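Heads up: the structure comes next, in C-alpha cells.
There are 2 protein chains.
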Amino acid sequence: MAEIPNGLKLALEQIGAEIDGLFETILSLPADSRSRLYDAMRYAAIGGGKRLRPLLVVAACGLFHIGRQQALRVGLAVESIHVYSLVHDDLPCMDDDDLRRGKPTLHKAFDESTAVLAGDSLHALAFEILADEATHEDPFVRLQLVAELARAAGPSGMAGGQMMDLAASESTLDLAAVTRLQQLKTGALIGFCLEAAAIMGRVPLESRTPLRGYSRDVGLAFQIADDLLDVEGEEAKTGKKVGKDSVKGKETFVSLLGRERARQQADLLVAQAIEHLQSFGGEADLLREIARFAVARDH
Amino acid sequence: MAEIPNGLKLALEQIGAEIDGLFETILSLPADSRSRLYDAMRYAAIGGGKRLRPLLVVAACGLFHIGRQQALRVGLAVESIHVYSLVHDDLPCMDDDDLRRGKPTLHKAFDESTAVLAGDSLHALAFEILADEATHEDPFVRLQLVAELARAAGPSGMAGGQMMDLAASESTLDLAAVTRLQQLKTGALIGFCLEAAAIMGRVPLESRTPLRGYSRDVGLAFQIADDLLDVEGEEAKTGKKVGKDSVKGKETFVSLLGRERARQQADLLVAQAIEHLQSFGGEADLLREIARFAVARDH
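Quick note, the sequences are listed as chains W and Z, same order.
Sequential numbering of the first sequence, starting at 0, is according to numbering that gives the first Met the number 0.
Sequential numbering of the second sequence, starting at 0, is according to numbering that gives the first Met the number 0.
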C-alpha cells in the first residue's frame with residue numbers, strides 16, 4: 000500500500016477540520032425538543048469520514064480560482080447528502096450495520112426513528128445550504144448547483160443506484176451491470192463534485208469533458224478499492240464491518256474480476272483519470288493525488 | 000358536517016387529475032432495475048390524497064395572476080415532499096401504519112427498504128422539479144422557492160416538528176407546546192404553499208402578512224380537524240386508521256381542549272383565516288372555501 004503524500008495528508012486534515020467547523024455552526028442546538036434531532040445529525044456528520052467529496056470540490060475549484068469558502072459550502076452540501084445516505088443505508092431494513100466510521104451507527108446510538116429523521120433532515124439541509132447566498136453571489140449559479148445535486152441524489156442518481164443494489168441480491172449481475180449500478184450509487188455524487196466546480200467556474204458545457212472523464216474514472220476506481228477493502232481490509236482501519244459483500248452473495252468488481260485483475264483495473268482507471276487532466280498544469284496536482292489516493296488508501 | 004360547495008368540489012377533482020397526470024409523466028418507468036423504485040414512488044404518489052397543498056398553491060397563485068402550469072409544478076413539488084413524509088412516517092420504526100389513503104402503506108405493498116428509498120427519491124425530486132426552468136422563467140424566483148421549501152421541509156420545519164412529535168411521547172405537552180409542534184410538523188409545509196405564491200407574485204416581504212396569517216390559521220384549523228377525525232372519523236372515509244392518538248397517549252388539541260372546545264377553536268381559526276383575506280375580492284374566494292373545507296371535511 001502506497002504512502003500518502005504529505006501534501007494530500009495535510010489537505011485531508013485541513014478539510015476535515017473545516018467541514019467539522021461548518022457542521023458545528025450550522026447544526027448548533029436549538030433550545031427545544033428538536034435538540035435530539037440536531038444531536039443525532041451532529042453525531043452522524045461531525046468528526047468522521049475521509050471528506051473525500053468536499054476535498055474533490057475544493058481541488059476542482061482550485062482549477063478555476065474559486066474562493067475556498069464557496070468551495071467549502073458546496074462541499075458541506077454534498078457531504079450532507081453523503082452522510083444522510085450512509086445513515087439511511089445503515090438502517091436495519093437496509094444494510095443493517097452496527098458500525099460506521101469507527102463508532103456505533105446512528106440508529107444504534109440513538110434509535111431508528113431518529114435515524115430516519117436525521118437522514119431526512121441532512122437531505123433537506125443540503126439544499127438549504129446551496130440555496131443560501133453565502134454559497135455563491137450569483138443566484139443562477141446556486142440554482143444550477145441545486146438542480147445538479149437534486150439529480151445526482153435522486154432516483155436517476157444515487158437513490159436509483161441504491162435500488163439497483165437492493166434488486167441485485169435477487170439476480171446475478173455481470174460487469175456492465177455492476178459498473179452501471181456503481182456509476183449511479185457512488186458515481187453520481189462524485190460526479191457532482193467536479194460538475195459543481197465547472198458550474199462555479201462557468202466552464203462551458205462542451206469544455207467539461209475532461210472533468211467528467213476524471214470523475215467517472217476516479218469514482219469507479221474508488222469503488223473497486225472499496226470492494227477490495229471489504230475483502231482485504233481491517234475493521235479497525237475501515238471503521239466498518241468488512242467481508243459483508245461475500246456474506247450477502249453480492250457481485251462486486253472483486254467477485255467478478257478476482258482480486259488481482261480488480262486491482263489492475265483500479266490502477267488503470269487512476270492512470271486514465273490523471274490522463275484526463277493533461278491540459279491542466281500544477282493547479283491540478285491535488286486532483287491527481289486524490290486519484291492515486293482513491294486506490295492507495297487503507298480505509 | 001357542512002356540504003362541500005360545488006366550486007370547491009370541482010376544484011379538488013380537477014387538481015387531483017392534474018397532479019396525477021404530472022406525476023405520471025415525471026415518474027415514467029425506466030428500463031432497468033430502478034423500475035421497482037419508480038413503481039413504488041408511483042404507488043405512493045398517484046391516485047390518492049386530497050391534494051390540499053397543491054390546491055392551496057393554485058388558489059394563492061390566483062391572487063397574483065400566476066399561470067396555472069407554474070402553480071401546478073410548485074404544487075407537484077410540495078406534494079412530493081408531503082408524500083415522502085407520509086411514506087417515512089408510516090414506517091414500522093415511526094408510526095407503524097398499515098393503511099394510508101385507503102390502501103396498504105408503501106412498506107406493506109412493497110417492503111421497508113424500498114419505502115425508505117422511495118421517500119428519499121420523492122424528497123430529492125421535489126427540488127429537481129423546483130429548479131427546472133419549466134417551473135418559472137426567472138431563475139431567482141426558482142431559487143427562492145428552493146430555499147423556502149428546503150427550510151420548510153428540514154429540521155427547522157417539518158422534520159423538526161416530527162422530532163418534537165416523537166419526543167412528545169415521553170413528556171406531557173401543554174397547549175402552547177402542541178401548537179408549536181403542529182406549526183412545524185404540518186404548518187411549515189402549508190405555509191410554503193402561500194409563501195410560494197407570494198414569491199412568484201413578487202409580493203414584497205412587508206406585504207405578505209395577510210397570507211402568512213391565513214396559512215398559520217388554516218394550518219392549525221386543519222390539524223384540529225385532523226385530531227377530531229382521529230376521534231370521530233370512520234376508517235372507511237379517512238382511509239387510515241383512526242383512534243391512534245389516544246392509544247399512544249399523545250396529547251392533541253382534542254385531548255387538551257375536549258371535543259367541543261376544539262371544534263369551536265377550529266371554527267374561530269377559520270373565521271380568522273378568512274378575516275386575513277379581507278383586502279382581497281372575489282379572487283380569494285377559493286382560499287376562503289379551502290379554509291372552510293379544512294374543518295368541514297370527513298376525510
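By construction, the Cβ of each residue, glycine as well, lies at the ideal position given by its N, Cα and C atoms.
Keep in mind that this is a model prediction, so the values were computed, not measured.
In the displayed model, Z/P29 falls within coil according to three-state DSSP, outside both helix and strand. Proximity of chain Z to W/V82 at the Cβ level (cut-off 9 angstroms) is not reached, the minimal Cβ distance being about 13 angstroms. Interface residue (Cβ-Cβ distance to chain Z less than 7 angstroms): W/S254 is not classified as such. Interface with chain Z (7 angstroms Cβ-Cβ cutoff): W/Q161 is included.
If you ignore the 5 residues before and after W/V73, its C-beta comes within less than 6 angstroms of the C-beta of V56, A195, all in its own chain and listed in chain order. Contact of W/M40 with chain Z by beta-carbon distance below 9 angstroms involves P154. Judged by DSSP in its simplified three-state form, W/K249 adopts coil rather than helix or strand.
Distance from the CA atom of W/E259 to the CA atom of W/T208, rounded to whole angstroms, is 30 angstroms. By alpha-carbon distance to W/G153, the top candidate from W/L255, W/A125, W/R41 is W/A125. By the Cβ neighbour-count rule, W/L129 is buried, with 16 or more other Cβ atoms within 10 Å of its own. Residue pairing by DSSP puts W/L98 in a beta bridge opposite W/P103.
Residues are counted here when their Cβ sits less than 8 angstroms from a Cβ of chain W; for the segment 35–61 of chain Z these are R35, L36, Y37, M40, given in chain order. The shortest CA-to-CA distance from W/A44 to any of W/K102, W/D95, W/A175, W/M157 is the one to W/K102. Counting other Cβ atoms within 10 Å of its Cβ, W/K239 reaches 16 or more and is therefore classed as buried. Between W/H135 and W/Q69, the C-beta gap is smaller than 7 angstroms, which places the two residues in contact. Z/F191 is a Cβ neighbour of Z/E147, given a cutoff of 7 angstroms.
Collapsing the DSSP output to three states places Z/C192 in a helix. Contact between the segment 110–123 of chain W and the segment 155–174 of chain W is absent: fewer than 3 CB-CB pairs across the two stretches fall below 8 angstroms. Excluding five sequence positions before and after Z/T171, the CB atoms of its chain that fall closer than 8 angstroms to its own CB belong to E250, given in chain order. Of the candidates Z/L71, Z/C60, Z/R41, Z/L71 places its Cα closest to the Cα of Z/I18. From the listed residues W/F63, W/L75, W/A114, the smallest Cα separation to W/A39 is found for W/A114. With respect to the 7 angstroms criterion, Z/L183 and Z/A220 are not classified as neighbours on the basis of their beta carbons. For a cut-off of 8 angstroms, the C-beta gap from W/R287 to W/I273 is around 5 angstroms, short enough to register as a contact. Around the CB of W/H81, 16 or more other CB atoms lie within 10 Å, so the residue is classed as buried.
Linking Z/G47 to W/L28 through their CA atoms gives a straight-line distance of about 37 angstroms. Rounded to the nearest whole angstrom, the CA to CA distance from Z/D244 to Z/E231 is 12 angstroms. For Z/C60, the enclosing alpha helix (DSSP H) stretches over residues 51–60.
Secondary structure of Z/G281 (DSSP, three-state): helix. Close partners of Z/A166 in chain W (Cβ separation under 7 angstroms): S32, R35. Residue state for W/P154 is assigned as coil, using DSSP reduced to three classes. Here W/F109 carries a coil assignment [DSSP, helix/strand/coil]. Annotation: Cβ neighbours of Z/S112 in chain W (cutoff 7 angstroms, chain order): C92, M93, L165. For W/F139, the C-beta contacts it makes with chain Z under 9 angstroms involve P138, F139, L142, in order along the chain. Closest option to W/R141, judged by alpha-carbon separation, among W/P91, W/A175, W/M199: W/M199.
With its beta carbon less than 7 angstroms from one in chain Z, W/E127 belongs to the interface.
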